[in-house]
Amino acid sequence: MSIIPITVYGDKILREKAKPVNEVSDKLIGVITNMFDTMRNASGVGLAANQVGYRDSLFVIDLRPVEGYEKSKPLVMINPKITERSDELVVIEEGCLSLPNLRADVERPKSIIVNYLDPDEKEQTLEADDFLARVILHEYDHLLGKMIPDRISIKMKNRLHSYLQRITKREIEIDYPITEN
2 MSIIPITVYG DKILREKAKP VNEVSDKLIG VITNMFDTMR NASGVGLAAN
52 QVGYRDSLFV IDLRPVEGYE KSKPLVMINP KITERSDELV VIEEGCLSLP
102 NLRADVERPK SIIVNYLDPD EKEQTLEADD FLARVILHEY DHLLGKMIPD
152 RISIKMKNRL HSYLQRITKR EIEIDYPITE N
């Protein structure tokens, strides 16, 4: 088990667009394994590669700790593309491992269709709704260089400004490793 420090708000890599994965190498499989370990260690349900310092277009999801999703399977989505989004939008509070201890209401489509490669480089299509759709969209945002503050009102962002600055300066208490300034 290898835990990777998580990049937090203010780290430039979180604002960069991810680069497509050209080959699923043994090294990349190792990174994916470490991403799952890191995510679980931080009690998260999703983690994008840029949240652990990699520029690859991929993320991992494991909803099994969430009530009602105990029988779901962990997912690895490589080079994902959201191909459809429902017109129905839902506002739900979200958190993010790169924004420790911060939660905010975010509006997202209720359901989506996503195409991606699995670790065997097989093309997959998944129809997702409710919480799974939300987690996929949240992690997909990371691959586009977007975060929760980009999805909330200016008024709310202004309210959170001082806390966001504390995250940037690493002036927060957190129980999982994060990158240094």
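Numbering of the sequence shown is given in my numbering, commencing with residue 2 and proceeding in unit increments. Backbone N, C-alpha and C fix where the C-beta goes; we use that ideal spot for every residue, glycine too.
Own chain partners of aspartate 121 with C-beta closer than 8 Å, once the 5 adjacent residues on each side are dropped: Val25
According to DSSP, which residues form a beta bridge with proline 110? Leu90
Distance between beta carbons of serine 99 and leucine 15, contact taken as under 8 Å: 6 Å
So, helix, strand or coil for lysine 74, using DSSP? coil
Given 8 Å as the limit, is there contact between the region 39-51 and the region 126-141, that is, 3 or more CB pairs closer than that? yes
DSSP state of threonine 126, grouped into three classes? strand
C-beta atoms of proline 110 and glutamate 89 nearer than 8 Å: yes
Residues in its own chain within less than 7 Å of threonine 169 by CB, not counting five upstream and five downstream? Tyr10, Gly11
Cβ atoms of methionine 36 and valine 22: under 8 Å apart, would you say? no
Report the option in Thr8, Phe60, Lys18 whose CA atom is closest to the CA atom of leucine 29. Phe60
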